[in-house]
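Chains as they are written, first to last, in the working numbering: chain F, 1048 to 1322; chain U, 76 to 452.
For every residue, glycine included, the Cβ atom is placed at its ideal position computed from N, Cα and C.
Quantities reported herein were computed from a predicted structural model and do not represent experimental measurements.
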Amino acid sequence: MTAAKGFFTDTSLCIGCKACEVACKQWNQLPADGLHFTGNSYDNTGHLGASTWRHVAFVEQTLPEALGSIEPQGAGNGSSFGMRWLMESDVCKHCQRAGCLEACPTGAIVRTEFDSVYVQPDVCNGCGYCVVACPFGVIDRRDDDGRAWKCTLCYDRLSDGMTPACAKHCPTESIQFGDVEELRIRAERRLEELQARGVRGAQLYGQDARNQPGTGGLNAFFLLLDRPEVYNLPPDPVVPTAKGRESWTFAGLAAAGMFFTAMAGALLARNRSVR
Amino acid sequence: MTAPPNPVPFPGPAELERPTDGREVDPSLGLLQGEGAAQRVRTPEPHPGHLAPTHVEADARTPTYYGLPVLQQPVWIRTIPVYLFVGGMAGAASSLGAASLVAGGPTLERLENRCRALGLAGDLAGSLLLIADLGRPERFLNMLRVFRPTSPMSMGSWILALSGAANTAGFLFGSRRGPLGALGRVGIAAGGGLGALLAGYTGVLLANTAIPLWQAARRELPVLSVGSGMASAGAVLELFSDSGASRKVTHWYGSVGKVVAIGAMLVMQRSAPRAPRVTEPLRTGATGLLWRAGLVLTAAGLVASGLGNKSRARERLAAGLTLAGALATRLAVFHAGKRSARDPRATFEGQRAGMGAAELRRPPDPKPAVFKLPVMR
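Written out as structure tokens, the structure reads:
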């Protein structure tokens, strides 16, 4: 196995150009999602899905709302019209403890030599269990051919020593691709830099198991400028399997109870008939 | 820097007549042949001709992203809640059949036969309902490609497959003599154990997901599943009972099931006291109505079947109420889960109230899960 590869998406650098969305669609030959107008700032994509593996979120905030936490020094003097615009390019997180992978009953979802989580399209039978097992709502089932699809971390490009299409096309290096170990150091440094410049509210999201114990850390992690909910990210995600054991215990107890009830009923009937 | 080689002069007749200028892009590069190509999108234009703003008022303290869902909605179709109902009934019937064989003696032989038939029929119908839901039904055998303890879907597939095999053996050979009969009786006994798991695992299947309601109810769902299965199996078998002994057994079995189911439902309604948003689909809207219908019908079934000697008509009424209650409960759980997935606040408020990774006694092992068993090909 080579070193773990991943993304560090620094939202403080994102300008919302959507080049990543386009590059991803182009390289992976994904269809357009239609021309709908949502009215949600510049985001007409909505959410990640089977045909959308990169999604740029746009958040408009009025300053009183933003001020408490985040505004850099000197801003809010009229030049920003009392508004702030946050953008974030969302993607599959390639979790260490991946809900989809652990839920997959066919073994179609595997961990690759790049430590990414990959769906083998020739094995997936479209049971849909990964869809409900993902705490981030990333993986989705295709309507037409019934198989689950998501970001592959450009497995084909990585195999040829290339950078994933989205990171390659990002004009501001908001999406940085590389060894997760190195990206983590870069992210910590960037966070310190932002904090030194007075950007309050800046935080890393999921860079390691300490930051996000529920997933064991993400191979595609983020630097956010506000709380995760603002970007439609869950604040404390957890791999469902971590709670499954408790559920199995109760299933076992209930099953045993059912069996004893059946036995008691049968014995009762026999004793009556013997009498 | 040297100057580039002589630029091509304005093309003369000779150049124009050449078939190519050497700069054409290979047309095969434009062919869409990748894994994602040729995908069709279901609703390219959800509101044709209209703007469809989904904008919601921003709330600075508990923000959401335009009220859009954070999770994907379950893609399961209507056969799944029906399977939950049928599978629970089949599992409970198989268990009662095995208990009748082991402990019931000759008085319960006819009941045991009916249990066998109901168990096997449920296993077969359940398998078909599950296969119908697959995106690629022709690949259903891939379910038995791996044995994956972390996946209730994998465990359930094995349980259902083995239960089907055991119940088939029991149904075909259970009443015979000789070695085949012994095999049949082993099948019935094994089917009983597997049936108990079959009735319980469907609760784990729903609980082991990111859906806030189902995850919060992870203790109650398997118990509800088992109770509901016992109630429906008891109702059907009581309806076809032909002796006092078998009527007593099935009545006892079904009544315990109904009490357990009602108890689990009452506890489940309160499974998220710190984040009421998580259990909201059980209280409001169509799913809330369905949930209360399940509760009331099950309770009505319990009352109607519980009082003293019964006429045939009241027996039928009680069975009908119980079955309707069980089906309504399964539908309510299923659709309430879908609603819970659509509601971003259920996820956010639940996790902010400590129902994410924070409530785990120990954080999960941060290393990726490793599966040592070989893959069957």
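Residue 1121 (chain F) (DSSP reduced to helix, strand or coil) | As a first step, residue 1121 (chain F) must be located in the first sequence, where it is residue number 74. A caution first: residue 1121 (chain F) carries a pLDDT of 44, below 50, which makes its placement in the model unreliable, though a value can still be read off. The answer is coil: DSSP assigns residue 1121 (chain F) none of H, G, I, E or B.
Take residue 1201 (chain F) as the anchor and find which of F:1087, F:1062 and F:1070 has the nearest alpha-carbon.
-> Position 154 of the first sequence, counting from 1, holds the residue named residue 1201 (chain F). Nearest of F:1087, F:1062 and F:1070 to residue 1201 (chain F), Cα basis: F:1070.
Between which two residues does the beta strand (DSSP E) carrying residue 1156 (chain F) extend?
-> Within the first sequence, numbered from 1, the residue matching residue 1156 (chain F) stands at position 109. Its beta strand (DSSP E) spans residues 1156-1158.
If you pair each beta-carbon of the stretch 1168-1187 of chain F with each one of the stretch 1289-1303 of chain F, do three or more pairs fall below 8 Å?
-> no
Best match in U:348, U:450 and U:309 for proximity to residue 428 (chain U) [C-alpha to C-alpha] = Numbered from its first residue, the second sequence carries residue 428 (chain U) at position 353. Cα-wise, what sits closest to residue 428 (chain U) is U:348.
Using 8 Å as the limit for Cβ to Cβ distance, is residue 1290 (chain F) near chain U?
-> Stepping through the first sequence from its first residue, residue 1290 (chain F) is reached at position 243. Answer yes: the Cβ-Cβ gap between residue 1290 (chain F) and chain U drops below 8 Å somewhere.
Within its chain, find whatever has a CB closer than 8 Å to the CB of residue 1052 (chain F); leave out the 5 residues flanking it on each side and keep chain order.
-> Position 5 of the first sequence, counted from the first residue, corresponds to residue 1052 (chain F). Hits under 8 Å: 1161, 1162, 1163, 1200, 1205, 1224, 1225, 1226, 1227 and 1266.
So what does DSSP say about residue 1096 (chain F), is it helix, strand or coil?
-> By one-based count along the first sequence, residue 1096 (chain F) stands at place 49. Note: residue 1096 (chain F) maps to strand in three-state DSSP.
Interface partners of residue 1293 (chain F) on chain U, CB under 8 Å = In the first sequence, residue 1293 (chain F) corresponds to position 246, counting from 1. Simply 293 and 294.
Run of the alpha helix (DSSP H) containing residue 173 (chain U), from where it starts to where it stops = Working through the second sequence from its first residue, we reach residue 173 (chain U) at position 98. Residues 154-174.
Cα-Cα separation, residue 415 (chain U) to residue 424 (chain U) = Against the second sequence, residue 415 (chain U) aligns to sequence position 340. Against the second sequence, residue 424 (chain U) aligns to sequence position 349. Computed Cα separation, rounded: 12 Å.
If you measure beta-carbon to beta-carbon, which residues of the stretch 1296-1310 of chain F are closer than 8 Å to chain U?
-> 1297, 1298, 1299, 1300, 1301, 1302, 1303, 1304, 1305, 1306, 1308, 1309 and 1310
Within-8 Å CB hit, residue 348 (chain U) to chain F | For the purposes of this step, residue 348 (chain U) is identified with residue 273 of the second sequence, where counting begins at 1. Chain F contact via Cβ: absent.
Could you spell out where the alpha helix (DSSP H) holding residue 151 (chain U) opens and where it closes?
-> The count along the second sequence starts at 1 and reaches residue 151 (chain U) at position 76. First-last for residue 151 (chain U): undefined, no H or E at that position.
Within this structure, are the beta carbons of residue 275 (chain U) and residue 1104 (chain F) separated by less than 8 Å?
-> Position 200 of the second sequence holds residue 275 (chain U). Position 57 of the first sequence holds residue 1104 (chain F). Their beta carbons are not under 8 Å apart, which means residue 275 (chain U) does not touch residue 1104 (chain F) by this criterion.
Status (buried if at least 16 other CB within 10 Å, exposed otherwise) for residue 1073 (chain F) = Translated into positions along the first sequence, residue 1073 (chain F) becomes position 26. Per the 10 Å Cβ criterion, exposed.
Do the stretch 181-195 of chain U and the stretch 235-250 of chain U touch if we need at least three Cβ pairs shorter than 8 Å?
-> yes
Taking 8 Å as the CB-CB cut-off, is residue 1153 (chain F) touching chain U?
-> Position 106 of the first sequence, counted from the start, is the residue given in the question as residue 1153 (chain F). Chain U contact via Cβ: present.
Terminal residues of the continuous alpha helix (DSSP H) containing residue 232 (chain U)?
-> Position 157 of the second sequence, counted from the start, is the residue given in the question as residue 232 (chain U). First-last of the alpha helix (DSSP H) with residue 232 (chain U): 227-248.
Buried/exposed call for residue 337 (chain U), threshold 16 Cβ in 10 Å | The residue given as residue 337 (chain U) occupies position 262 in the second sequence. Buried is the call here.
DSSP-derived helix/strand/coil call for residue 1251 (chain F) | By one-based count along the first sequence, residue 1251 (chain F) stands at place 204. Residue state, collapsed to three classes: strand.
Does the Cβ of residue 213 (chain U) have 16 or more other Cβ atoms within 10 Å, making it buried, or fewer, making it exposed?
-> Looking up residue 213 (chain U) in the second sequence gives position 138. Result: exposed.
Cross-strand partners of residue 1196 (chain F) (DSSP beta bridge) | The sequence position of residue 1196 (chain F) within the first sequence is 149, counting from 1. Looking at the DSSP assignment, residue 1196 (chain F) forms a beta bridge with F:1187.
Listed by chain order, chain F residues near residue 422 (chain U) by CB distance under 8 Å = The residue given as residue 422 (chain U) occupies position 347 in the second sequence. Result: 1281.
CB contact below 8 Å: residue 218 (chain U) versus chain F | As a first step, residue 218 (chain U) must be located in the second sequence, where it is residue number 143. At least one chain F Cβ lies under 8 Å of residue 218 (chain U).
Curious, which full-length beta strand (DSSP E) runs of at least 3 residues does the stretch 1217-1295 of chain F contain?
-> 1222-1226, 1250-1252 and 1267-1271
Would you give the residue range spanned by the beta strand (DSSP E) that residue 1133 (chain F) belongs to?
-> For the purposes of this step, residue 1133 (chain F) is taken as residue 86 along the first sequence, with counting starting at 1. Residue 1133 (chain F) -> beta strand (DSSP E) spans 1130-1138.
Near residue 1185 (chain F), which residues of its chain fall below 6 Å by C-beta distance, leaving aside the five closest residues on each side in sequence?
-> Here residue 1185 (chain F) refers to the residue found at position 138 when the first sequence is read from its first residue. Closer than 6 Å at Cβ, skipping near neighbours: 1095, 1139 and 1197.
DSSP beta-bridge partners of residue 1101 (chain F) = Here residue 1101 (chain F) refers to the residue found at position 54 of the first sequence. According to DSSP, which records beta bridges pairwise, residue 1101 (chain F) is partnered with F:1138.
Could you confirm whether any beta carbon from chain U is found closer than 8 Å to the beta carbon of residue 1207 (chain F)?
-> Along the first sequence, one-based indexing puts residue 1207 (chain F) at 160. Residue 1207 (chain F) does not count as touching chain U.
With DSSP as the reference, label residue 194 (chain U) as helix, strand or coil.
-> For the purposes of this step, residue 194 (chain U) is taken as residue 119 along the second sequence, with counting starting at 1. In the structure shown, residue 194 (chain U) sits in a helix (DSSP, three-state: H, G or I).
For chain F, find out if any of its Cβ atoms is closer than 8 Å to the Cβ of residue 234 (chain U); answer yes or no.
-> The count along the second sequence starts at 1 and reaches residue 234 (chain U) at position 159. Chain F, which has no Cβ nearer than 8 Å to the Cβ of residue 234 (chain U), makes this no.
Selected residue, minimal CA-CA separation from residue 420 (chain U), among U:265, U:353 and U:177 = Along the second sequence, one-based indexing puts residue 420 (chain U) at 345. Ranking U:265, U:353 and U:177 by Cα distance to residue 420 (chain U) puts U:353 first.
Cβ of residue 426 (chain U) within 8 Å of any chain F Cβ = Numbered from its first residue, the second sequence carries residue 426 (chain U) at position 351. With 8 Å as the cut-off, residue 426 (chain U) counts as an interface residue toward chain F.
Using only alpha-carbon positions, find the residue among U:143, U:115 and U:261 that is nearest to residue 1085 (chain F).
-> Looking up residue 1085 (chain F) in the first sequence gives position 38. Nearest C-alpha to residue 1085 (chain F): U:143.
Given residue 306 (chain U), which residues of its chain have a CB within under 6 Å of its CB, disregarding the five upstream and five downstream residues?
-> In the second sequence, the residue the question calls residue 306 (chain U) occupies position 231. Around residue 306 (chain U): 329, 332, 333, 336, 397 and 401.
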